[in-house]
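Residue numbers (my numbering), protein chains in the order written: chain L, 1 to 160; chain Y, 1001 to 1160.
Every residue gets a Cβ at the ideal spot worked out from N, C-alpha and C, and that includes glycine.
There are 2 protein chains.
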Amino acid sequence: MAERRAIQDDYPEDVAHCYGCGCLNEHGLHIRSFQEGDETVAVLTPRPYHIAIPGYVYGGLIASLIDCHCVGAAAAARHRADGLDPAVDPMPRFVTASLQVDFRKPTPLGVPLEVRARIEEVGRRKVAVAATLSAEGEVCATGRVVAVPMPEGMGSRPSS
Amino acid sequence: MAERRAIQDDYPEDVAHCYGCGCLNEHGLHIRSFQEGDETVAVLTPRPYHIAIPGYVYGGLIASLIDCHCVGAAAAARHRADGLDPAVDPMPRFVTASLQVDFRKPTPLGVPLEVRARIEEVGRRKVAVAATLSAEGEVCATGRVVAVPMPEGMGSRPSS
Chain L
1 MAERRAIQDD
11 YPEDVAHCYG
21 CGCLNEHGLH
31 IRSFQEGDET
41 VAVLTPRPYH
51 IAIPGYVYGG
61 LIASLIDCHC
71 VGAAAAARHR
81 ADGLDPAVDP
91 MPRFVTASLQ
101 VDFRKPTPLG
111 VPLEVRARIE
121 EVGRRKVAVA
131 ATLSAEGEVC
141 ATGRVVAVPM
151 PEGMGSRPSS
Chain Y
1001 MAERRAIQDD
1011 YPEDVAHCYG
1021 CGCLNEHGLH
1031 IRSFQEGDET
1041 VAVLTPRPYH
1051 IAIPGYVYGG
1061 LIASLIDCHC
1071 VGAAAAARHR
1081 ADGLDPAVDP
1091 MPRFVTASLQ
1101 VDFRKPTPLG
1111 VPLEVRARIE
1121 EVGRRKVAVA
1131 ATLSAEGEVC
1141 ATGRVVAVPM
1151 PEGMGSRPSS
């Protein structure tokens, strides 16, 4: 069976370097998002040093997970709304305009974290996405991202 | 001259492992926050692989910076409001209840990022902090954190 393709696997190669989700970033987290019905799902087990207080995941990782995953969900939603085919048509690259995370309970370290995103609104200029982050079946954080298409010219700045 | 102490240098050792700001996390970002008048300031130069789109900083790092820095500012504000002395009295450890980040313009990679936090409200059960993140003198992101005292018992979970 062919390996399942994540949304991020379809990002154009020149913009696939994100530390959170880019398949071309060798140091990165490699967040991978998959469509499951009306939801988009990603699972990631944090590394042992992604600590807040010992035993718990640090908030910046939770924010990163929600951010990158929702941006992927937004790109795929825009792609679908345009009637395009992931196997043929290039995936648009979205970036984050705003990110909100509510930390509802401490997130345990050492277990897989599951992020589920639902599209709230698909506009031409913005896509709004809501997410939950769960560990061991319990929702530990919720979030909301407003994603916008990558500004023209942003992909052409040389890397420092 | 003695090295200047950051707020995070005064966190109790058993809760100083945060990947974002803990002085005891050898893999971490080591965000360090200093009081300057009414503001709290941290400066960090992202690593070359903290990329979003090549040439720009990824949003998860910006969220982490704002998050950890504001939590530090909150702890120091609560400490001051209690009339305590950082040289003698242990710094309380706060955690994030909510995080909001607005990405106002792409943040260039390869230059120091400066985060400035201002306290909006110091309560017994929560401290609200607003922040700006600037690169080369331009505000690239703004944020707001509501921080709360670390729940009792949270520090006692063994690390996975």
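- The region 38-99 of chain L is shown to contain whole beta strand (DSSP E) runs of 3 or more residues at 39-44, in chain order.
- Taken atom to atom, the span from the alpha-carbon of H1027(Y) to that of A1016(Y) is near 13 Å.
- Nearest CB-CB separation between P112(L) and chain Y: not below the 8 Å threshold.
- Rounded to whole angstroms, the separation of the alpha carbons of L65(L) and G59(L) is 10 Å.
- Between V101(L) and L1084(Y), the CB-CB gap reaches or exceeds 8 Å.
- Under the three-state reduction of DSSP output, E1013(Y) falls in the helix class.
- A distance below 7 Å between beta-carbons, with the five flanking residues on each side excluded, links A1006(Y) to the following residues of its chain, in chain order: R1032, S1033, F1034.
- A residue is called buried once 16 or more other Cβ atoms fall within 10 Å of its Cβ, and V1095(Y) is buried on that count.
- Unbroken beta strand (DSSP E) stretches of 3 residues or longer found wholly inside the region 99-143 of chain L: 113-122, 127-135, given in chain order.
- When Cβ-Cβ separations below 8 Å define contact, A97(L) makes contact with chain Y.
- Among the residues facing chain Y, H69(L) is not included, as its CB has no counterpart in that chain under 8 Å away.
- Counting along the chain, Q1035(Y) sits inside the beta strand (DSSP E) bounded by residues 1034-1036.
- Its Cα nearest to that of Y56(L), the residue A141(L) stands out among A141(L), C23(L), H30(L), C18(L).
- Residue pairing from DSSP places A147(L) in a beta bridge opposite T96(L), V127(L).
- The closest CA to that of D9(L), considering only V122(L), A52(L), A87(L), is found on A87(L).
- A straight line joining the alpha-carbon of R118(L) with that of A81(L) spans about 14 Å.
- In this structure, the beta-carbon distance from A1131(Y) to V1146(Y) does not fall below 8 Å.
- Taking the Cα of N1025(Y) as reference, the smallest distance to any Cα among P54(L), Y19(L), A76(L) is reached at P54(L).
- Between L44(L) and P112(L), the C-beta spacing is below 8 Å.
- In the structure shown, I1007(Y) falls within a helical segment according to DSSP collapsed to helix, strand and coil.
- Classified as buried, P46(L) has 16 or more neighbouring CB atoms from the shown chains inside 10 Å of its CB.
- Close to chain Y, meaning a Cβ-Cβ distance shorter than 7 Å, is no residue of the region 123-136 of chain L at all.
- The C-alpha of P151(L) is placed about 20 Å away from the C-alpha of E121(L).
- A75(L) places its beta carbon less than 8 Å from that of R93(L).
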